[in-house]
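Residues -35 to -1, 1 to 295, numbered by mature numbering (1 follows the signal peptide of the UniProt record, and there is no 0), are exactly what the sequence shown covers, in order.
Beneath this line is the structure, given in structure tokens, with notes to follow.
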Amino acid sequence: MTAFTINRRAVMLSAVVGASSMIVSALGTSGIANAQTKSSAARNAGHYRFRIGEISATVLSDGIIGGPPRIYASDAPEADLQEVLRLAFLPTDHLTLNLNTLLIETGGRRILIEAGAGGTMGPSGGRIFENLAAIGLSADDIDTIVISHTHPDHVGNLRNADGGRAFPRATVFLPKADWDFFVLTDPDLSYMPVPQEFRLRFAAAIKSSLEPVRNDVELYEAGAEIVPGLTTIVASGHTPGMATFLVHSGNDQLLLTADLAYHPVVNVDRPWLPGPDRDKETALSSRRRIFDMAAADQIPVLGFHFPFPGLGRMLKTDGGYAWVPADWQF
Ligand SMILES: [Zn+2]
């Protein structure tokens, strides 16, 4: 299959580019530092406030990452993938993914859900700190950080440019099965559709990002309630321990889908599976179980990688699901 061969090469080329930006950040030109020196006034807002019952919530963008669409839609027929991207007016050679972390303020605590990528996945991450500043907060104000899974784009900001804790006061909650797989062992990442060199850097970025917190991390089993109003939901497959989250207050809820889907165009409106899913069958059944729940109960959803601010709802269709973005609120 010629198309597959060409695409595979594109994947590899891009992965090498991604890998070299990881080297740059390892040498000390941190994505965090770069992002902090840019004026946020020159850009659109990277924060978005709303409420979930009594809970105050703010989507804080850590910026963007991305790569060849094939990585995020591993089983899509090439012609279908190209057509879907064209019909969405998206580039056919690069898919942009957002990094929508969520700050919730409840019970006197400020809880950040996902830490973001920092400089681990390219130069366009690490903006969470300027977005915290834009709402009058700093990393010191975060009491708790809850991580869905330990891929670098979810934990990269835990380490600052000096190798210390970027959120000095925060207790960090991680799924135990991911800790066991990615941190306590040298994981076999041969399932990821990228060159071996990229896999090694990916694995190293996880360990180095978590190194500053490794002595006092809180490991959770998916299904646990982290604090009143924040429950974790089993969603394994993408990684051994991945969890999704339900934030609830009174009759209001918000479902966070973590990496059950990367981009709604290829993973909600179409059923295609991300290449980085370690166990694709389990990931697919997790996705269906949680999307069905979102659609049946019409629960507002936040997609970590969806176009900012990533809020909307799932609609059940004849063939699967459709993503319906929420109206912007001032
Ligand atoms: Zn991710």
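Glycine included, every Cβ here is placed at the ideal spot set by N, Cα and C.
Range covered by the beta strand (DSSP E) that runs through proline 205: Here proline 205 belongs to no beta strand (DSSP E), and DSSP marks it neither H nor E.
Residue interval of the beta strand (DSSP E) (run including phenylalanine 295): In the DSSP assignment, phenylalanine 295 falls outside any beta strand (DSSP E), carrying neither H nor E.
Start and end residues, beta strand (DSSP E) containing residue 296: Nothing about residue 296 can be read from this structure; the chain reaches only from -35 to 295.
Chain-order list of residues whose beta-carbon lies under 6 Å from that of glycine 121 (same chain, five-residue window excluded): Ala82, Gly83, Thr85, Ser174, listed in sequence order.
Host beta strand (DSSP E) of leucine 195 (start-end): Going by DSSP, leucine 195 is part of the beta strand (DSSP E) stretching over 195 to 199.
Buried or exposed (CB count within 10 angstroms, at least 16 for buried), proline 56: In the assembly as shown, proline 56 is an exposed residue. Its beta-carbon has fewer than 16 other beta-carbons within 10 Å.
Opposing strand residues paired with valine 111 [DSSP bridges]: Its beta-bridge partners are Ile78, Phe138.
Cα-Cα separation between aspartate 27 and asparagine 63, rounded to whole angstroms: Aspartate 27 and asparagine 63: Cα-Cα distance of roughly 8 Å.
C-alpha distance - leucine 221 paired with valine 266, whole-angstrom precision: Those two C-alpha atoms are separated by around 6 Å.
Reduced DSSP category for valine 233 - H, G, I as helix; E, B as strand; rest coil: Valine 233 falls in the coil class under three-state DSSP.
Under the three-state DSSP convention, the category serine -16 falls into: Unreliable positioning characterises serine -16 in this predicted model, as indicated by a pLDDT of 38, which lies under 50. The coordinate reading is nonetheless provided below. Serine -16 falls in the helix class under three-state DSSP.
Given serine 214 as reference, the closest of Leu195, Ser103, Ile112, Ala208 once Cα atoms are compared: That would be Leu195, whose Cα lies nearest to the Cα of serine 214.
Counted within 10 angstroms of its Cβ, other Cβ atoms place threonine 150 as buried (16 or more) or exposed: Threonine 150 should be labelled exposed.
contact_flag[the segment 109 to 116, the segment 135 to 145] where n(CB pairs < 8 Å) is 3 or more: Contact holds between the segment 109 to 116 and the segment 135 to 145, because three or more Cβ pairs, one in each stretch, are under 8 Å apart.
N- and C-terminal bounds of the alpha helix (DSSP H) containing alanine 22: Taken as a continuous stretch (DSSP letters only), alanine 22 belongs to no alpha helix (DSSP H), being part of the beta strand (DSSP E) at 20 to 32.
Valine 97 in three-state terms, based on DSSP: At residue 97 the sequence reads leucine, which differs from the valine that was named. Helix at leucine 97.
Host alpha helix (DSSP H) of arginine 179 (start-end): Arginine 179 -> no alpha helix (DSSP H), and no H or E assigned at all.
beta-carbon aspartate 143 near ligand 1 non-hydrogen atom, thresh 6 Å: Ligand 1 never approaches aspartate 143 closely enough for any of its heavy atoms to be under 6 Å from the residue's Cβ.
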